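Notes to accompany the following structure.
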Amino acid sequence: MLMAIGIIAFIAAAVVVSLRKVAAESALQAQERRKREAHFAAEAGLAEARELSRMLLGGQRSFTEVMKSLGNQYNGQGAAGYVQGEPGLPSGLPNGNVFPWYEAIPWTPYTLAAASSGTAVDSDITTAFLEMNGADGRRILDFPAQERVLYRVFLVDDNDGDDRRDQDDNSRVWLVSVGEVRGRDGTQPQRVIIRALITSGAAAGGSCSPEDTNGAANNGEC
């Protein structure tokens, strides 16, 4: 009898350990999947912000007017319309200088899910749930809805040598894109941040910023 109880206890313990390992592996894979989704969202936001910057630039050499346009779009204050008071943004008064972060694109859902009415994301598709169903007319259960994937993009002047970070003097600015996957019930989100130093393309040259002094080839060119 005691031997039977011991065997049962041993089997139960083995099952519990196995379940914990499976749960840990599942959580790890889910975290990796969310990280990739956040990265894809950040890339999408960066691509959209590049096009937005190009349109706002309108053939000009300097991004100064782009900053003003983004400031007006954010709160109507032009060059002073940068994001303030948000935790995590490195804006403040270091050495007496303000580092404005202009919001190029607000939080935007990067979703593939249909609306509650069944309307597809693609506005050209009018049949309810058409994109969500397979060839047999049944719902695709593993369709990647991405219901809580978002991105947000900022435009920040590079360190171009002057004391004004709300003016562009070398036809270069940073685009900083944040991709985020939000969990359910207030769980910690997964974030990925990427950035790109872009140029107006209309300038023949211009001074190098300290961040870009060595260039991609690390040879002093920029």
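Going left to right, the sequence shown walks through residues 1 to 222 as full-length UniProt numbering numbers them.
All C-beta atoms, glycine included, are put in the ideal place defined by N, C-alpha and C.
Note that this is a predicted model, so its numbers are computed, not measured.
message: Are the CB atoms of Val-153 and Val-176 within a distance shorter than 8 Å?
response: As a working note, residue 176 is residue 176 in the sequence shown. As a working note, residue 153 is residue 153 in the sequence shown. Yes, they are a contact pair.
- request: Could you tell me if Gly-96 is buried or exposed, where buried requires 16 or more neighbouring beta carbons within 10 angstroms of its beta carbon?
  value: Within the sequence shown, the letter at position 96 stands for residue 96. With a pLDDT of only 45 at Gly-96, under the threshold of 50, the placement of this residue in the model should not be trusted; the figure read from the coordinates follows. Exposed, since its Cβ has fewer than 16 Cβ neighbours within 10 Å.
task: Flag this pair as touching only if the segment 49-60 and the segment 184-191 have three or more C-beta atom pairs under 8 Å; answer yes or no.
output: Not touching, per the Cβ criterion.
message: Here's the rule: buried if 16 or more other CB atoms are within 10 angstroms of the residue's CB, otherwise exposed. What is Ile-5?
response: Along the sequence shown, read from residue 1 onward, the residue named residue 5 stands at position 5. With fewer than 16 other Cβ atoms within 10 Å, it is exposed.
message: Relative to the C-alpha of Pro-87, which candidate in Asp-166, Trp-101, Ala-47, Ala-135 has its C-alpha closest?
response: Within the sequence shown, residue 87 is the residue found at index 87, counting from 1. Sorting Asp-166, Trp-101, Ala-47, Ala-135 by C-alpha distance to the C-alpha of Pro-87 places Trp-101 at the top.
message: Cutting at 7 Å between CB atoms, please list the residues of its own chain near Gly-58, excluding the five before and the five after it.
response: As a first step, residue 58 is located in the sequence shown; it is residue number 58 there, counting from the start. Cβ neighbours of Gly-58 within its own chain (closer than 7 Å, five residues either side excluded): none.
query: Sorted by chain position, which residues of the same chain lie with C-beta nearer than 8 Å to Asn-133's C-beta, five sequence neighbours on each side aside?
result: To locate residue 133, count along the sequence shown from 1; it is residue 133. Closer than 8 Å at the Cβ level, and outside the excluded window around Asn-133, lie Arg-139, Ile-140.
- prompt: Which whole-angstrom value describes the C-beta separation of Gly-179 and Ala-41, a residue pair presumed to lie in contact below a C-beta threshold of 8 Å?
  reply: The residue you call residue 179 lines up with position 179 of the sequence shown. The residue you call residue 41 lines up with position 41 of the sequence shown. Contact between Gly-179 and Ala-41 holds, with the beta-carbon distance rounding to 4 Å and staying under 8 Å.
message: Which same chain residues end up closer than 8 Å to Gly-85 when comparing Cβ atoms and leaving out the 5 residues on each side of it in sequence?
response: Walking along the sequence shown from the start, residue 85 turns up at place 85. Closer than 8 Å at Cβ, skipping near neighbours: no residue.
- prompt: For Glu-86, which of helix, strand or coil comes out of DSSP?
  reply: For the purposes of this step, residue 86 is identified with residue 86 of the sequence shown, where counting begins at 1. Glu-86 falls in the coil class under three-state DSSP.
message: Can you tell me whether Glu-38 is buried or exposed? The criterion is at least 16 other CB atoms within 10 Å of its CB, across all chains shown.
response: Your numbering for residue 38 matches position 38 in the sequence shown. What sits at residue 38 in the sequence shown is Ala, not Glu. Ala-38 should be labelled buried.
field: For Ile-194, the three-state DSSP class (helix, strand or coil)
entry: Translated into the one-based positions of the sequence shown, residue 194 becomes position 194. In this structure, Ile-194 counts as strand in the three-state DSSP scheme.
message: Per the DSSP calculation, Ile-105 is bridged to which residue(s)?
response: Sequence index remark: in the sequence shown, residue 105 carries index 105 (1-based). The partner list for Ile-105 (beta bridge, DSSP) reads Val-153.
Own chain partners of Gln-77 with C-beta closer than 7 Å, once the 5 adjacent residues on each side are dropped: Translated into the one-based positions of the sequence shown, residue 77 becomes position 77. Result list for Gln-77: Gly-71, in chain order.
Cβ-Cβ separation, Leu-46 to Ala-196 (assumed contact under 8 Å), whole Å: Numbered from its first residue, the sequence shown carries residue 196 at position 196. Numbered from its first residue, the sequence shown carries residue 46 at position 46. Ala-196 to Leu-46, Cβ: 6 Å. Contact.
- prompt: What are the boundary residues of the beta strand (DSSP E) that Glu-147 is part of?
  reply: One-based indexing of the sequence shown puts residue 147 at position 147. Segment: none, Glu-147 is in no beta strand (DSSP E) and carries neither H nor E.
- prompt: Which residues in the same chain have their Cβ closer than 7 Å to the Cβ of Arg-34, if we skip the five residues on either side of it in sequence?
  reply: Here residue 34 refers to the residue found at position 34 of the sequence shown. Cβ neighbours of Arg-34 beyond the five flanking positions: Val-181, Gln-190.
task: Could you check the C-alpha separation between Asp-162 and Asp-168 for me, to the nearest Å?
output: Here residue 162 corresponds to residue number 162 of the sequence shown, with the count starting at 1. Here residue 168 corresponds to residue number 168 of the sequence shown, with the count starting at 1. Separation of Asp-162 and Asp-168 (C-alpha to C-alpha, rounded to the nearest whole angstrom) is 9 Å.
Beta-carbon separation (whole angstroms), Ala-44 vs Tyr-110, contact threshold 8 Å: The residue given as residue 44 occupies position 44 in the sequence shown. The residue given as residue 110 occupies position 110 in the sequence shown. Contact flag correct, Cβ pair sits at about 6 Å.
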